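Undergrad: Below you'll find the structure I mean.
In the working numbering, the protein residues as written are 124 to 266.
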C-alpha cells in the first residue's frame, strides 16, 4: 500500500504525485547532512507541505562530519560526540528521519543519543556559519 522513493528532486516528486498511486509515497530518501543542505531550498519544504517524510541517508557524510572541527565545541558543550551533533542537526527538522550506518554498539548508542539532544539557537547559528544553508536551488546531491 505504501512505498518510498530515493533521490527524487522537487520536479520528480511533483510528477510522481500526479500519478493515481502517487499519494501512496511514504518517504523520499535523499542525501542530506550538514555538508549537503541543498534540499532545504525547495525539496524539504515541498515534502513537508505534502507530509512526505525525508529519509536522510549518509547523515555523517560517511564519516568526515564526525571529525569536523566545527562540531567539536558544540559536542563538548553538550557532552556528546561530534557525530551525535551532526546527527541531531539532521533530525532536528520536522519531517526528517535519518539512517546512519553502523555495526558498532558504542556508535549505536551515540546515534540514539541524538534523538534526545536539542540544539539551541547558538548551536544552530554556529553550524549555519560553518555549513551555510543554500542561497539558491542546487541539483540534488547524490552519493
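Virtual Cβ for every residue (Gly too), placed ideally from N, Cα, C.
It should be emphasised that the depicted structure is a prediction, and the values quoted were computed from it without experimental measurement.
Looking at the strands, I want to know which residues DSSP matches up with residue 155.
TA: In the DSSP output, where bridge partners are listed per residue, residue 155 has none listed.
Undergrad: Output the residue ranges of the beta strand (DSSP E) runs that lie fully inside the segment 158-245 and measure 3 residues or longer, sorted by chain position.
TA: If we require 3 residues or more, the beta strand (DSSP E) runs fully inside the segment 158-245 come out as 177-180, 219-222.
Undergrad: Hey, how far is the Cα of residue 163 from the Cα of residue 227?
TA: For residue 163 and residue 227, the distance between alpha carbons rounds to 31 Å.
Undergrad: Can you check whether the CB of residue 156 is closer than 8 Å to the CB of residue 209?
TA: In contact: residue 209 and residue 156 (Cβ atoms closer than 8 Å).
Undergrad: If distances are taken between C-alpha atoms only, which option among 182, 207, 177 comes closest to residue 136?
TA: Of the candidates 182, 207, 177, the one whose C-alpha sits nearest the C-alpha of residue 136 is 177.
Undergrad: Is the separation between the beta-carbon of residue 242 and that of residue 215 shorter than 8 Å?
TA: It is a contact, given that the beta carbons lie within the stated cut-off.
Undergrad: Between which two residues does the alpha helix (DSSP H) carrying residue 140 extend?
TA: 133-141 is the span of the alpha helix (DSSP H), which, as asked, contains residue 140.
Undergrad: Along the chain, where does the beta strand (DSSP E) containing residue 127 start, and where does it finish?
TA: 126-129 is the extent of the beta strand (DSSP E) around residue 127.
Undergrad: For residue 129, count neighbouring Cβ atoms within 10 angstroms of its own Cβ and tell me buried if that reaches 16, exposed if not.
TA: Answer is exposed; the Cβ neighbour count stays below 16.
Undergrad: Looking at residue 190: is its Cβ nearer than 8 Å to the Cβ of residue 254?
TA: No, they are not a contact pair.
Undergrad: Have a look at 165, 195, 236 and flag the residue whose alpha-carbon is nearest the alpha-carbon of residue 173.
TA: The candidate whose alpha carbon is nearest that of residue 173 is 165.
Undergrad: DSSP beta-bridge partners for residue 150?
TA: According to DSSP, which records beta bridges pairwise, residue 150 is partnered with 127.
Undergrad: What residue from 132, 126, 127 has the CA that sits closest to residue 262's CA?
TA: When each option's Cα is compared against that of residue 262, the closest is 132.
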